[in-house]
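Engineer:
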Amino acid sequence: MSGDLEFTVCLCTYNNGDTIDEFFESVVKQLDDLYEIVVVDGGSSDGTREYLEAQQEKIAVPMKILEQRGTGLGRARQQCVENAEGTYLLEQVDADMIYADCFEPLFSFYLERVEDEGPFQLLTNGLRVTPHHLHEEFGGWRPYPHGFQENELTRRFFRHGRLRLMDVKVAKHVDTDYDFSTAVRRFLYNYREKFRSGLSPLYALKHLYVSNLPIWRKAFDTMIIPLVYLWANTKDQVATFDRNDPLAYEIDRRLYEGCAKDEYDDIRIEPTESIEEACFDQSEQEKVYSYTNSSL
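Using the UniProt record's numbering, the first residue of the sequence shown is number 1, and each one after it goes up by one.
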């Protein structure tokens, strides 16, 4: 890879003091003069902001530190886009993750494919690579509830014919012990954000009953869903969910499953051997999404 500033690492942080050092250790060593970092912090109070400022003086690549309090992850990700100078954006990069030593083979391969077939967004298990100008053309990140802004962006690029999938595990969560109250908050938050996005309790229950969750969990969720639905109705409503859209719920997983069944061969890209060897082991089961900024 050669040329001017090529990539912007778009990082969103919020009280990631327990994990941010491991994140930086995994990422910064892979960056050179083709990269910059743009950070949007959500108003951290645990030393995350101070850590970022210290790193700004230490690392060899330019890093901008911005702040956006209480606006949600969609707006934070869009602020990264608006302040990025790279031709390509590395997105959904969060400081509670560690990243495989795969940047060089993965992004070199990506640039070769873009040169051959034109610009597209590459979605992997752990991050997405997006041409900056396509973000501007398609409208960027939207201020939807956590989780649904990713789904909506994926659907937009898919419908424009500008989405490609590569089934490699680029990132995984830093092992952190979360206490019981934190686990409960995240569980409730997940349902609340689904209902804010227009998901109905009936749809949630149907999805729950066909899942592979244990019986006790299905019974527990059945009791919780009506209460969280009432709670969600006290919050701002976004209504992005379309129950008639087969890809409206967990689109990333459904697209990958479809590719495995030869349903979406036109968007699937097979990784090279060097990329597969550089990425994490796919057999380590983990849902790759970030907990960043998931406070209630």
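Where a beta carbon is used, it is the ideal one built from N, C-alpha and C, also for glycine.
#1: Cβ atoms of Arg196 and Ile267: under 8 Å apart, would you say?
#2: Per the contact definition of three or more C-beta pairs closer than 8 Å, is the region 62-79 in contact with the region 140-148?
#3: Which class does Asp18 belong to by DSSP, given the choice of helix, strand or coil?
#4: Looking at the strands, I want to know which residues DSSP matches up with Gln121.
#5: Could you tell me the alpha carbon to alpha carbon distance between Leu106 and His207, rounded to whole angstroms?
#6: Taking the C-alpha atoms as reference points, what is the distance between Gln78 and Glu150?
#7: How long is the line joining the alpha carbons of Leu31 and Asp101, rounded to whole angstroms?
#8: With Thr19 and Gly86 assumed to form a contact (beta carbons below 8 Å), what rounded beta-carbon distance in angstroms separates them?
#9: Going by DSSP, what residue range makes up the alpha helix (DSSP H) through Ala60?
#10: Following the continuous beta strand (DSSP E) through Asp41, name the residue where it begins and the one where it ends.
#11: Let me know the secondary structure DSSP gives Lys194 once reduced to three states.
#12: Just the C-alpha distance for Met97 and Arg192, rounded to the nearest angstrom, thanks.
#13: Considering only the beta carbon of each residue, do Cys10 and Leu89 sit closer than 8 Å?
#14: For a test of the three-state rule: what should DSSP assign to Val228, helix, strand or coil?
#15: Near Asn83, which residues of its chain fall below 7 Å by C-beta distance, leaving aside the five closest residues on each side in sequence?
#16: Which two residues bound the contiguous alpha helix (DSSP H) that contains Asp252?
#17: For Thr222, which residues in the same chain have their Cβ closer than 8 Å to its Cβ, ignoring the five residues on either side in sequence?
#18: Are at least three pairs of beta-carbons, each pair with one atom in the region 261-279 and one in the region 164-173, less than 8 Å apart?
#19: Report the option in Arg49, Glu6, Phe103, Gly139 whose CA atom is closest to the CA atom of Glu277.
Structural biologist: For this structure:
#1: no
#2: yes
#3: coil
#4: Leu163
#5: 35 Å
#6: 12 Å
#7: 11 Å
#8: Rounded, the Cβ-Cβ distance is 24 Å, inconsistent with contact.
#9: Looking at the DSSP string, Ala60 is not in any alpha helix (DSSP H), and its letter there is neither H nor E.
#10: 35-41
#11: helix
#12: 24 Å
#13: yes
#14: helix
#15: Val38, Lys64, Leu66
#16: 251-260
#17: Leu205, Leu208
#18: yes
#19: Phe103
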